Amino acid sequence: MADLTLEIVEGPGVGRRVPLRGALEVGRDAQAGFRVEDEHVDALHVRVTPDGDGAVVEDLGERGGTFVNGAEIHVPTRIRAGDEIQLGVTVIELRGAGAPSAARTAPPAPRVDVTPEVESLLDVRTKTKARHAPLAVFVVVVYAVLIYLATQRL
Numbered sequence: 010m011a012d013l014t015l016e017i018v019e020g021p022g023v024g025r026r027v028p029l030r031g032a033l034e035v036g037r038d039a040q041a042g043f044r045v046e047d048e049h050v051d052a053l054h055v056r057v058t059p060d061g062d063g064a065v066v067e068d069l070g071e072r073g074g075t076f077v078n079g080a081e082i083h084v085p086t087r088i089r090a091g092d093e094i095q096l097g098v099t100v101i102e103l104r105g106a107g108a109p110s111a112a113r114t115a116p117p118a119p120r121v122d123v124t125p126e127v128e129s130l131l132d133v134r135t136k137t138k139a140r141h142a143p144l145a146v147f148v149v150v151v152y153a154v155l156i157y158l159a160t161q162r163l
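For the sequence shown, the numbering used here begins at 10 and goes up steadily by one.
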């Protein structure tokens, strides 16, 4: 039997690993062999059992569903090192012995470089619109009152 681990590569607890030495239940329950902190995962969501150089993934029939490499499974499914299991928003990867971490952190927020000249133009436009907004509301109210008065005289 190969030396395998399960690693959370996306979602809450990213980077956590647990060795796969025997059948292991994964879920939110404190009694799960590999506990995940994902509100979309059921108490005991899936069972992973080592099998030769890979493992067998078995959905425990909970409402959330289990996906292996993006495909929903309904029967026990064989996986190999590098395959991914998704439960809720958590993605767990089966890792071989000595494999480096595959954890994927969230991408950084996009950086937008705004020059001071552009910043000053945006600020002027915003201030101009803010100054004109009360006048625009007043004009709309005056037109509404005039229309109302015109229809009442007929």
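All C-beta atoms, glycine included, are put in the ideal place defined by N, C-alpha and C. Only a predicted model underlies this, so the values are computations on that prediction, with no experimental measurement involved.
Tell me, please, whether the CB atom of residue i is closer than 8 Å to any CB atom in chain B?
| i | result |
| --- | --- |
| E102 | This model lacks chain B altogether; it includes just one protein chain. |
Whole angstroms is fine: what's the gap from residue i's alpha carbon to residue j's?
| i | j | result |
| --- | --- | --- |
| G42 | L33 | 5 Å |
| A145 | N78 | 56 Å |
| A106 | T124 | 50 Å |
| V150 | E126 | 37 Å |
| I101 | F147 | 59 Å |
| S110 | E93 | 13 Å |
| V57 | V35 | 8 Å |
Does the Cβ of residue i have 16 or more other Cβ atoms within 10 Å, making it buried, or fewer, making it exposed?
| i | result |
| --- | --- |
| E16 | buried |
| L158 | exposed |
| P143 | exposed |
| L29 | buried |
Between which residues of its own chain and residue i is the CB-CB distance below 6 Å, once the five residues before and five after are set aside?
| i | result |
| --- | --- |
| V27 | L15 and F43 |
| R113 | V18 and E19 |
With residue i and residue j assumed to form a contact (beta carbons below 8 Å), what rounded beta-carbon distance in angstroms separates them?
| i | j | result |
| --- | --- | --- |
| V98 | T75 | With a Cβ gap of about 13 Å, V98 and T75 do not count as contacting. |
| V45 | G22 | 6 Å |
Apart from the five residues just before and just after residue i, which ones in its own chain have a Cβ nearer than 7 Å to its Cβ?
| i | result |
| --- | --- |
| H49 | G73, G97 and V98 |
Practice item. Answer yes if the stretch 72–92 comes into contact with the stretch 136–144, meaning at least three C-beta pairs across the two stretches below 8 Å, and no otherwise. Key: no
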